[in-house]
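Everything on this sheet refers to the single structure shown next.
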Amino acid sequence: MAPASKADKKASVDAAAWMFNVVTSVGIIIVNKALMATYGFSFATTLTGLHFATTTLMTVVLRWLGYIQSSHLPFLELLKFVIFANFSIVGMNVSLMWNSVGFYQIAKLSMIPVSCLLEVVLDKIRYSRDTKLSIAVVLLGVGVCTVTDVSVNTRGFIAAFIAVWSTALQQYYVHFLQRKYSLGSFSLLGHTAPAQAASLLLIGPFLDYWLTTKRVDAYDYNMWSLVFIILSCTIAVGTNLSQFICIGRFTAVSFQVLGHMKTILVLIMGFFFFGKEGLNLHVVLGMIIAVVGMIWYGNASSKPGGKERRSHSLPT
């Protein structure tokens, strides 16, 4: 009874962590869309810096209350993580600006095979045939849902390449640092959030001006735009924390596969909030294929040999 009870408890915590991530991630997408589309606040990088500043404040309060214990993370490890994370954020923003929506979505889909490659090379992970096929089905379904017009240019391809690899490395590094230095999600966030907040708030206004030709200090702030900015920052605390919790429990590949459920939910909620324009037969078909692939992945990867480490040593 004890092993079964322990497994049930782990499954319950995994499900709660995942739902926490889904709710906060979908919520912040809707709030940010309203903030940018309705109130014209198009400063994405600066807004992300504010998200991490709010997260830093949360970690300071939790440390003061005793929920975060003192821990050590070498400066070089922190520096590498911040470089990967910031290149991911900046790369995604630039990729969206320079590429068509279709190629941008293809680039996001390619994060799963890149994350798989990192786990195979660095962690000696081995995937079964069913696990590989289930991942392919998820990619096919989300691709059918989201990929429309596809046009590629050199600078857009470079931006997408940097965004994909830096995002995959950042997510892999979350899992790696938690294991190597025995850091909990709160502790790791306490190390990384201040560094990301400082760096993004420093470069954000300049990058946003380059992307939008608008200055964040010249924006016409009003009560409602400030309410949405504060709401976005508040939800971002949960999004950042839940990402660290989920990657620590699921690994980067599982996080990416399950993450496409958020894409499906955003499409469905867009249908309810904004009408039937974005929902047609091929989108519904893609949703069904993707959900089938996610269920298959969950079953295949949990079976013996579905996804296993050939060597238990950590990469150097």
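Using this note's numbering, read the sequence shown as starting at 505 and increasing by one per residue.
Note that CB positions come from ideal geometry on N, CA and C, so glycine has one too.
Computed from a predicted model, the values in this text were never measured in an experiment.
Query, Result
"Which ranges does the alpha helix (DSSP H) cover as unbroken runs of at least 4 residues, wholly within the region 531-592, from first to last along the chain?", "548-569"
"Touch check for the region 537-546 and the region 743-752: three-plus C-beta pairs under 8 Å?", "no"
"What residue ranges within the region 612-690 form continuous alpha helix (DSSP H) runs of no fewer than 4 residues, ordered along the chain?", "615-626, 633-650 and 658-684"
"Would you check if the distance between the CB atom of A672 and the CB atom of M615 is smaller than 8 Å?", "yes"
"Give me the Cα-Cα distance between S689 and A740, rounded to the nearest whole angstrom.", "15 Å"
"Along the chain, where does the alpha helix (DSSP H) containing A804 start, and where does it finish?", "L785 to S806"
"Is there contact between the region 673-680 and the region 551-563, where contact requires at least three CB pairs shorter than 8 Å?", "no"
"Please list, in chain order, all residues of the same chain as L735 whose beta carbon is under 6 Å from its beta carbon, the five residues on each side excluded.", "V535"
"Relative to the alpha-carbon of F607, which residue among I666, L715 and V651 has its alpha-carbon at the smallest distance?", "V651"
"Excluding sequence positions up to five away, which residues of its chain have a Cβ less than 6 Å from the Cβ of T742?", "Here residue 742 turns out to be Gly, not Thr, going by the sequence shown. Excluding sequence neighbours, G742 sits near T528."
"May I ask you to verify whether the region 690-704 touches the region 549-556, counting CB pairs closer than 8 Å and requiring at least 3?", "yes"
"Please go through the same chain and pick out, in chain order, the residues whose beta-carbon is closer than 8 Å to the beta-carbon of T820, but skip the five residues on each side of it.", "With a pLDDT of only 48 at T820, under 50, the local geometry of the prediction cannot be trusted, and the value read off the model is given with reservation. Result list for T820: empty, nothing under 8 Å."
"Among the residues of its own chain, which have a CB less than 6 Å from the CB of Q609, if the five just before and after it don't count?", "T650 and V651"
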